[in-house]
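Inspection log for the structure reproduced underneath, given as structure tokens.
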């Protein structure tokens, strides 16, 4: 551990340490690197009681993130609601159900704002003036928004078939968008080569270890919002598979620091059936997942060769959790259900998570008395195309009271007439 | 068949700096074996203890992941390119490394040449 920082990169396989550099894999064994902390020293400086004076956003946990010394959070990312469910909990027969709602994360309405926030702190530290990413949409939105605010040039790489709203939500910030004729896995492969060739900070490639640490704040907030306790179950959407491992890391760290009582939390992973390499691997008990060609409306989860898939599978198995997947019609139904019962409009990925939660309850894997948190990671306004067919245009009437009464009679029949004042 | 294996930067210290290795092979497995017999230090980075391609190394035949082509046994034809890409690869030095600078490989393009100024 270096003397001037309480963290550095360490290989997840061989354990070799690499200091703090823009690199995502170990040069010795070519396995992924992650940020490792000196928890003994952290315990002395990171105190839960210090949080009371801080705003409720992700930077309140700064000591637990790989930030340069003296770093001041430049934006109010995170600090999203933990919604205690009543209606859906009742319908599903659960007593303690919560939705962690990153559909309203600042500034770009997905949990990717958190990872970009820590990645750009690293980009600044490593003197990159240009940042970018390979993205299924949400990440590009987050990179573009925060790069604009912080004065980086942004160049993002996306598959050709992304939802128009996600492309527009990147373009508006002035980012350069490079559309790739291929799926996300093709884009990601290209970005791996670009990171070798260009002096750019690609947040989910060469800045990946710093980037993925931002996800931990989703987990810290859950614990804090539950009154510094850990839930029994967490249901997490999986694309590359990083988020589920980082929420687990967040919970472990809080226990190490003594901020929560240690607890065995079950981790449940959610995917779309049309792109389910990780859930398929868990369900068939494979040693290695098999990559897939994505074919689902949940494009933000459409990663057929998930980089953190092996770690996600291990986390799920070790915790005693499970993984499931849902079809496109089930995703649409779950989006509507969440909106109608909880007032939360989530994108397709959230439909996946809610739909999978319903399935896990039906399977008896989530029990009524347990505390269950469902992670909603993106906003429905970004994927309206996926559900537009459910809501055809309604009848238009003239602005006259008798027209409205006739409309009501036609819509509702006799009861409407008796309801008139 | 004469084919070309593209070597990622991270592996080039094992290939004497060569970015491409030409070889003659009938299948992906043959190509990898020829590569590792020519550069034995690369062996443990290409295959694990069980002889499988390492979990965090992706192998592509032209544009396609070989796992969609039947794996290592898929056959090669003349002029094919085999691409090795460490999973979630990428990672450059904080500044152009001496090795990159010498070969003029690293492109420090960041502003007006590529970007709209906003």
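Protein chains in written order, with the numbering used here: chain A, 5 to 425; chain B, 1024 to 1141.
Backbone N, C-alpha and C fix where the C-beta goes; we use that ideal spot for every residue, glycine too.
In this text the structure is predicted, and so the values were computed from the model without any measurement.
>> If I measure Cβ to Cβ from residue 343/A and keep anything under 6 angstroms in the same chain, skipping five residues before and after, which residues do I get?
In response: Taken in chain order, the residues that qualify are 349.
>> Is the beta carbon of residue 357/A closer than 9 angstroms to that of residue 376/A?
In response: No, these two residues do not count as a Cβ contact at 9 angstroms.
>> Here's a check: name, in chain order, each residue in its chain whose Cβ is nearer than 8 angstroms to the Cβ of residue 1118/B, leaving out the five neighbours to either side.
In response: At residue 1118/B, the pLDDT of 36 sits below 50, so the modelled position is not reliable; the number obtained from the coordinates is stated separately. Here the set comprises nothing.
>> Along the segment 32-61 of chain A, where does the CB come closer than 8 angstroms to a CB of chain B? Name the residues.
In response: Of all residues in the segment 32-61 of chain A, 33, 34, 35 and 36 have a Cβ within less than 8 angstroms of some Cβ in chain B.
> Between residue 373/A and residue 233/A, what straight-line distance do the alpha-carbon atoms span, to the nearest angstrom?
Replying inline: Rounded to the nearest angstrom, the gap between the Cα atoms of residue 373/A and residue 233/A is 16 angstroms.
>> On the DSSP letters alone, give me the boundaries of the beta strand (DSSP E) that residue 1/A sits inside.
In response: This structure gives no information on residue 1/A, because the portion of chain A shown stretches from 5 to 425.
> Just by C-beta distance, which residues in the segment 173-207 of chain A are closer than 9 angstroms to chain B?
Replying inline: Listed by position along the chain: 177, 178, 179, 180, 186, 189, 190, 192, 193, 195, 196, 197, 198, 199, 200, 201, 202, 203, 204 and 206.
> What is the DSSP secondary structure of residue 41/A, reduced to helix, strand or coil?
Replying inline: In the structure shown, residue 41/A falls within a strand segment according to DSSP collapsed to helix, strand and coil.
> Touch check for the segment 323-333 of chain A and the segment 266-280 of chain A: three-plus C-beta pairs under 8 angstroms?
Replying inline: As far as the Cβ criterion goes, the segment 323-333 of chain A touches the segment 266-280 of chain A, which means the pair count is three or higher.
>> If the cut-off is 9 angstroms on Cβ atoms, which residues from the segment 1079-1104 of chain B count as contacting chain A, listed in chain order?
In response: Look at the segment 1079-1104 of chain B: the residues with a C-beta under 9 angstroms from a C-beta of chain A are 1079, 1080, 1081, 1083, 1086, 1088, 1090 and 1091.
> Is the Cβ of residue 1041/B closer than 9 angstroms to any Cβ of chain A?
Replying inline: Any Cβ of chain A closer than 9 angstroms to the Cβ of residue 1041/B would place that residue at the interface, and such an atom is absent.
> Of all the CB atoms in chain A, is at least one closer than 9 angstroms to the CB of residue 1058/B?
Replying inline: No, residue 1058/B lies away from the interface with chain A (no Cβ there is under 9 angstroms from its Cβ).
>> For residue 1040/B and residue 62/A, I'd like the C-alpha separation in whole angstroms.
In response: Whole-angstrom Cα-Cα distance: 43 angstroms.
>> Taking its Cβ as the centre, do 16 or more other Cβ atoms sit within 10 Å of residue 117/A, making it buried, or is it exposed?
In response: The residue in question, residue 117/A, is buried, as its Cβ has 16 or more Cβ neighbours within 10 Å.
>> Could you check whether residue 104/A and residue 145/A sit closer than 9 angstroms to each other, using their CB atoms as the reference points?
In response: No, Cβ-Cβ distance for residue 145/A and residue 104/A is not below 9 angstroms.
> Using a Cβ cut-off of 8 angstroms, which residues of the segment 287-305 of chain A contact any Cβ in chain B, in chain order?
Replying inline: Of all residues in the segment 287-305 of chain A, 292, 294, 295 and 297 have a Cβ within less than 8 angstroms of some Cβ in chain B.
> What does residue 309/A reach in chain B if we use C-beta pairs closer than 9 angstroms?
Replying inline: In chain order: 1081, 1088, 1090 and 1110.
> Counting only runs that start and end within the segment 305-378 of chain A, where is the alpha helix (DSSP H) found for 4 or more residues in a row?
Replying inline: Within the segment 305-378 of chain A, complete alpha helix (DSSP H) segments of at least 4 residues are found at 313-323, 332-346 and 352-366, given in chain order.
> Name the chain B residues whose beta carbon is nearer than 7 angstroms to that of residue 314/A?
Replying inline: Result: 1078.
> At what residue ranges does the segment 62-108 of chain A contain a whole run of the alpha helix (DSSP H), taking only runs of 4 or more?
Replying inline: Taking only runs of at least 4 residues, the alpha helix (DSSP H) segments lying wholly in the segment 62-108 of chain A are 91-96.
>> Just list the residues that DSSP pairs residue 1087/B with in beta bridges.
In response: 1084/B.
> If you count every other CB in all the chains shown that lies within 10 Å of the CB of residue 333/A, and 16 or more means buried, which is it?
Replying inline: Looking at its Cβ environment, which holds fewer than 16 other Cβ atoms inside 10 Å, residue 333/A is exposed.
> If you draw a straight line from the C-alpha of residue 1100/B to the C-alpha of residue 1071/B, how long is it?
Replying inline: Taking the straight line from one Cα to the other gives about 27 angstroms.
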